[in-house]
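Residue numbers (the working numbering), protein chains in the order written: chain G, 1 to 504; chain S, 1001 to 1101; chain Z, 2001 to 2164. Where a beta carbon is used, it is the ideal one built from N, C-alpha and C, also for glycine. Quick caveat: nothing in here was measured; it's all calculated off a predicted structure. Inspection log for the structure reproduced underneath, given as structure tokens.
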Amino acid sequence: MSYLQLLGLVAPETIVVITALVVLGLDLLILREQPLRHRFWMGAAFAAFGCVLAAAWLLFINSPTHPAGEVSGALPLLRGMFVDDGLVRLVKVALLGLTVFTIAISMESSFTGHVGEYLALILLATVGMMFLVSAEDILMIFISLELTSLSLYILTAFNKRNVKSAEAALKYFLFGGMSAAFTLFGLSLVYGLSGSTGLREIAAKLEQPALDPLLVAAIVMTVIGFGFKVAAVPFHLWAPDAYQGAPTPSAAFIASGSKVASFFVFAKVMMLGFAHAGGSGSWHAYAPGWLPVLAVVAVASMLLGNLAAIAQSNVKRLLAYSAIAHGGYALLGILANGPSGVTSLVYYVVTYGLTVLGAFGVVGLVEERAGEARISDFAGLGRREPLLAFCMMIFMLSLAGIPPLAGFFGKFYVFTAAVGGAKDLGLLWLVIFAIAMSAVSLYYYLQVLKQIYVVPVSAESGSLGAPISSRIVLAVIAFGVVALGCAPDFLVGRLLAAIKLAAL
Amino acid sequence: MDVTLEHYLVVSGVLFSLGLLGVIMRRNLLVIYMCLELMLNAANLALVAMSRYNGNLDGQIMVFFIITVAAAEVAVGLALIVALYRRRQTAHVEDLTSLKS
Amino acid sequence: MQAALFYFFAALTLVCGALIILNRNPINSAMFLVLSIASMAGLFVLLHAFFLAAVQVLVYAGAVMVLFLFVIMLLDLKEEDRRKFNLFGIITGVISVAAIAYISFAAIRSGSASVSRTASDIEGGTLPLGKLLFTNYLLPFEILSVLLLVAMVGVILLSKKDLK
């Protein structure tokens, strides 16, 4: 295979890489002397253009008509390293969309003077996520995971004026490094057991009824590694600090884009690679495997995430703990262990990513004005900024899972998939627990809304003076959350059609 | 007594545990990074040994990639330490306390 | 001979690994890391991974360690003073390490059927590895270049003093 063929296969990723280089070069060479705002606008416009171009390529140019196996079969050199099917393309388009919105909400922020580097790193992190979504090979998974994580560490440390940013990045880095080591050790054991690096071949080799003890060690290590990445309890310690200290747009990106990609690949590793080592997490038919392990992690995440969120006074930390809890709900999609599980998982994490992105957008505007993002800084927002307050209300209610918003349908699909996924309603206990926990979560989301709408405005605080562009972006995101909730079939229908062909 | 795959795996497992112990117990950030390197190296050793006993080179290729990634990661991590040291004059974990609710 | 060399290198690797943790002076720790990595390169040679043994010495013992030492000198870190024991750290540390050690030893001792017992005769020379790298593994190889770019941009950005 020639380089040209290779670049053609990975054209969308190539487009994004080139965009990143252009944005970086443009900012360093030409826009250097311009005012900050001007540079951010130009760079963001270019970056968004590149993302849209890549998404257009994914949607319209030789869209794959054959399942994943055939694609890699036709191109033996890529084997499982780069899978290109309808499902993967949909997830990539969603990732690109989240990236565009992240860029849009960071356009007016002033935490850094290094605009080119900032935008380039966001784009390169997106490239990592796109490769991660395509990967069905443990080496590719590791490399793209590292590409994403390295970019995110740097994005977390981007606010050089604030020592909290550096601290947050260090904590994120330490836990990320541990996670990488665990993932790697687990995957290396898997390689040792199966002798191959592709997930499908691994599953074929490990097809034996009795669980190999070495395989148990491998599964535990891999779950620990990915548990760190998706911030599931008890591997969540980095998340609140990283979210709080990172510049708000970076935190939004960590919570949205990287969550989508990590959960997707987590599901792939478990469902494809360990297809024959699932066991069962049902209450009446327990069997060892990765399903019971994940069930425990999911319960711990939902419990600790929701309870700890109640005690938070900083909205960014509150969103971090709520992210941990949402990670627990999303794990139910993996526990469903089947096509319906994947569909519901993707719908859930994509809508969650969009919602949390919007919420961080509002938090960022408040923080820019107040210097911090305590819940009390939101007091009276309903009168000061009716539009932003309304958007925040939509995001909070969607996160809490109120119909007809996207969050409700996300939860609904995940829960039904989990109930239907196990034999004889075996996971019903988990779903009931999850529903109870989402009722608890309503409390702290309403706390924020109470501040916004009920608590009276203090005398000196007026409007936020938020730029018109940010208002438009947030309104668009809020509209998206409502639209995806009112017409979930728009996304779910496509996912179902794609997954039929994808043979996952 | 012949050296078998198990011998290498024991060495690798012990090395991994040593690294983990260091990451948890030590407080100097640089030493913690060194222990992280130790953990990655444990995985490398397991991969090379398994590559030999599986009879294909995929494991060795993976080690090649891991070494490169680890080098990049260390560079970024050390830059983070330098950035922190500029503002706080510390490289100890227990001084990372400015973030709380 | 092979077995004697294995035990020598393995013992050296582990002892130096333990000394990294036990030493209170970061420079000594760094030096023991060099030794540990170099003896691991010896293990790689025993496993016929000649190219990787060379890379291990060049990249790890060379480049990475120089970076470590450079930062230690730059920051002028003193010896860690003997602080009171961090009880929480020790408890969690011992528990998690014991758990992991237990899992891996149980796994290794019970022996697994699917792992082959006999060493193959593959040689990890430069030629076969290079061939694989530029055929089967071309795509990850290219992604690695993007990863190095990210690291470069990040390191320059983070460690540079902001002008003005």
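Legend entry - Between the CA atoms of V1003 (chain S) and V440 (chain G) - distance to the nearest angstrom: Counting from one through the first sequence, the residue named residue 440 (chain G) turns up at place 440. Counting from one through the second sequence, the residue named residue 1003 (chain S) turns up at place 3. When rounded, the distance between both Cα atoms is 57 Å.
Inset, instruction - Please go through the same chain and pick out, in chain order, the residues whose beta-carbon is closer than 6 Å to the beta-carbon of D241 (chain G), but skip the five residues on each side of it. - result: Residue 241 (chain G) sits at position 241 when you count from the first residue of the first sequence. So the qualifying residues of the chain are A168, K171.
Legend entry - Cβ pair count under 8 Å reaching 3, the stretch 179–191 of chain G against the stretch 227–241 of chain G: yes
Inset, instruction - Starting from the beta carbon of A2151 (chain Z), find every residue of chain G whose beta carbon is closer than 7 Å, and list them in chain order. - result: The residue labelled residue 2151 (chain Z) in the question sits at position 151 within the third sequence. Result: L150.
Inset, instruction - Please list the partners that V2059 (chain Z) has in chain G, where partner means a Cβ-to-Cβ separation under 7 Å. - result: Position 59 of the third sequence, counted from the start, is the residue given in the question as residue 2059 (chain Z). What V2059 (chain Z) touches in chain G: nothing, since even the nearest Cβ is about 16 Å away.
Legend entry - 7 Å CB neighbourhood of M1039 (chain S) in its chain, flanking five on each side removed: The residue labelled residue 1039 (chain S) in the question sits at position 39 within the second sequence. These residues qualify, in order along the chain: F1016, G1019, L1020.
Inset, instruction - Per DSSP, which residues does A285 (chain G) bridge with? Please list them. - result: Here residue 285 (chain G) is taken as the residue at index 285 of the first sequence, counted from 1. Answer by DSSP bridge pairing: none, since A285 (chain G) is not bridged.
Inset, instruction - Inspect the beta-carbon positions of L1099 (chain S) and K500 (chain G) and report whether they are closer than 9 Å. - result: Here residue 1099 (chain S) corresponds to residue number 99 of the second sequence, with the count starting at 1. Here residue 500 (chain G) corresponds to residue number 500 of the first sequence, with the count starting at 1. Taking 9 Å as the Cβ cut-off, L1099 (chain S) and K500 (chain G) do not qualify as a contacting pair.
Legend entry - Strand pairing of G198 (chain G), partner residues [DSSP]: By 1-based counting over the first sequence, the position of residue 198 (chain G) is 198. DSSP output for G198 (chain G) lists G:D137 as bridge partner(s).
Legend entry - Pairwise C-alpha distance: G2017 (chain Z) and V1023 (chain S): Numbered from 1 along the second sequence, position 23 holds the residue referred to as residue 1023 (chain S). Numbered from 1 along the third sequence, position 17 holds the residue referred to as residue 2017 (chain Z). Cα-Cα distance, rounded: 12 Å.
Inset, instruction - Out of G:V342, G:L319, G:Y352, G:V349, state which residue places its alpha-carbon closest to the alpha-carbon of V363 (chain G). - result: Numbered from its first residue, the first sequence carries residue 363 (chain G) at position 363. The residue with the shortest Cα to Cα distance from V363 (chain G) is G:L319.
Legend entry - Check: S469 (chain G) C-beta below 8 Å from any heavy atom of the ligand SAH: Looking at this structure, you won't find the ligand SAH or any other ligand, since it has none at all.
Legend entry - Any 3 or more C-beta pairs closer than 8 Å across the stretch 1070–1088 of chain S and the stretch 2004–2017 of chain Z: no
Inset, instruction - For chain G, find out if any of its Cβ atoms is closer than 9 Å to the Cβ of G1022 (chain S); answer yes or no. - result: Indexing the second sequence from 1 puts residue 1022 (chain S) at position 22. G1022 (chain S) does not count as touching chain G.
Inset, instruction - Starting from the Cα of D85 (chain G), find the closest Cα among G:A135, G:W41, G:A48 and give me that residue. - result: Within the first sequence, numbered from 1, the residue matching residue 85 (chain G) stands at position 85. Ranking the options by Cα distance to D85 (chain G), first place goes to G:A135.
Legend entry - Beta-carbon contacts of G486 (chain G) that lie in its chain and below 7 Å, excluding the five residues immediately before and after: Here residue 486 (chain G) corresponds to residue number 486 of the first sequence, with the count starting at 1. Position check: residue 486 (chain G) holds Cys in this sequence, whereas Gly was assumed. P404.
Inset, instruction - State buried or exposed for D137 (chain G), treating a residue as buried only when at least 16 other CB atoms are found within 10 Å of its CB. - result: Here residue 137 (chain G) refers to the residue found at position 137 of the first sequence. It counts as buried.
Inset, instruction - Kindly say whether P12 (chain G), judged by its beta-carbon, lies nearer than 9 Å to any beta-carbon of chain Z. - result: Here residue 12 (chain G) refers to the residue found at position 12 when the first sequence is read from its first residue. Closer than 9 Å: no.
Inset, instruction - Measure the alpha-carbon distance for A54 (chain G) versus M1025 (chain S) and round it to whole angstroms. - result: Numbered from 1 along the first sequence, position 54 holds the residue referred to as residue 54 (chain G). Numbered from 1 along the second sequence, position 25 holds the residue referred to as residue 1025 (chain S). Their backbone Cα atoms lie some 46 Å apart in a straight line.
Inset, instruction - Could you spell out where the alpha helix (DSSP H) holding Q5 (chain G) opens and where it closes? - result: Translated into positions along the first sequence, residue 5 (chain G) becomes position 5. Segment 3–9, the alpha helix (DSSP H) holding Q5 (chain G).
Legend entry - Near-chain Z residues of the stretch 132–163 of chain G - C-beta to any C-beta below 7 Å: L139, M140, I143, S144, E146, L147, L150, S151, I154, A157, K160
Inset, instruction - Pair every Cβ in the stretch 365–381 of chain G with every Cβ in the stretch 308–315 of chain G, then say whether three or more of these pairs are closer than 8 Å. - result: yes
Inset, instruction - Please list, in chain order, all residues of the same chain as A94 (chain G) whose beta carbon is under 7 Å from its beta carbon, the five residues on each side excluded. - result: Working through the first sequence from its first residue, we reach residue 94 (chain G) at position 94. The residues are V260, V350.
Legend entry - H326 (chain G) versus G:G410, G:L150, G:F131, residue with shortest Cα-Cα distance: As a first step, residue 326 (chain G) must be located in the first sequence, where it is residue number 326. Checking every option, the nearest Cα to that of H326 (chain G) belongs to G:G410.
Inset, instruction - Spell out a yes or no on whether the stretch 122–133 of chain G and the stretch 247–264 of chain G are touching, meaning 3 or more CB-CB pairs, one atom from each, closer than 8 Å. - result: yes
Inset, instruction - Output yes if chain S places a C-beta closer than 9 Å to the C-beta of L2035 (chain Z); else output no. - result: Numbered from its first residue, the third sequence carries residue 2035 (chain Z) at position 35. Answer no: the Cβ-Cβ gap between L2035 (chain Z) and chain S never drops below 9 Å.
Inset, instruction - Could you tell me whether the stretch 212–222 of chain G touches the stretch 282–293 of chain G, where touching means 3 or more Cβ pairs closer than 8 Å? - result: yes
Inset, instruction - Please work out which residues of its chain come closer than 6 Å, Cβ to Cβ, to I2122 (chain Z), disregarding the five sequence neighbours upstream and downstream, and give them in chain order. - result: Counting from one through the third sequence, the residue named residue 2122 (chain Z) turns up at place 122. Contacts found: none.
Inset, instruction - Can you pull the chain S residues whose beta carbon is under 9 Å from the beta carbon of G523 (chain G), in chain order? - result: The structure shown does not extend to residue 523 (chain G), since chain G is modelled only from 1 through 504, so no value can be given for it.
Legend entry - is_contact[H114 (chain G), chain Z] using C-beta, thresh 9 Å: On the first sequence, position 114 is the one that residue 114 (chain G) refers to. Yes, H114 (chain G) counts as interfacial toward chain Z.
Legend entry - Where Y1033 (chain S) falls, given that 16 or more other Cβ within 10 Å makes a residue buried: Taking the second sequence and counting its residues from 1, one reaches residue 1033 (chain S) at position 33. Y1033 (chain S) comes out buried.
Legend entry - Range of the contiguous alpha helix (DSSP H) that encloses N2025 (chain Z): As a first step, residue 2025 (chain Z) must be located in the third sequence, where it is residue number 25. Note, N2025 (chain Z): premise wrong, no alpha helix (DSSP H); not H, not E.
Legend entry - the stretch 473–483 of chain G / the stretch 336–343 of chain G touching (three or more Cβ pairs under 8 Å): no
Inset, instruction - Look up S258 (chain G) in the DSSP assignment and say whether it is helix, strand or coil. - result: For the purposes of this step, residue 258 (chain G) is taken as the residue at position 258 of the first sequence. Correct three-state label for S258 (chain G): helix.
Inset, instruction - Spell out whether any CB of chain Z is found under 9 Å from the CB atom of L174 (chain G). - result: On the first sequence, position 174 is the one that residue 174 (chain G) refers to. False, the Cβ-Cβ gap to chain Z never drops below 9 Å.
Legend entry - Under 9 Å between C-beta atoms of V454 (chain G) and R384 (chain G): Along the first sequence, one-based indexing puts residue 454 (chain G) at 454. Along the first sequence, one-based indexing puts residue 384 (chain G) at 384. No, the Cβ-Cβ distance between V454 (chain G) and R384 (chain G) is not below 9 Å.
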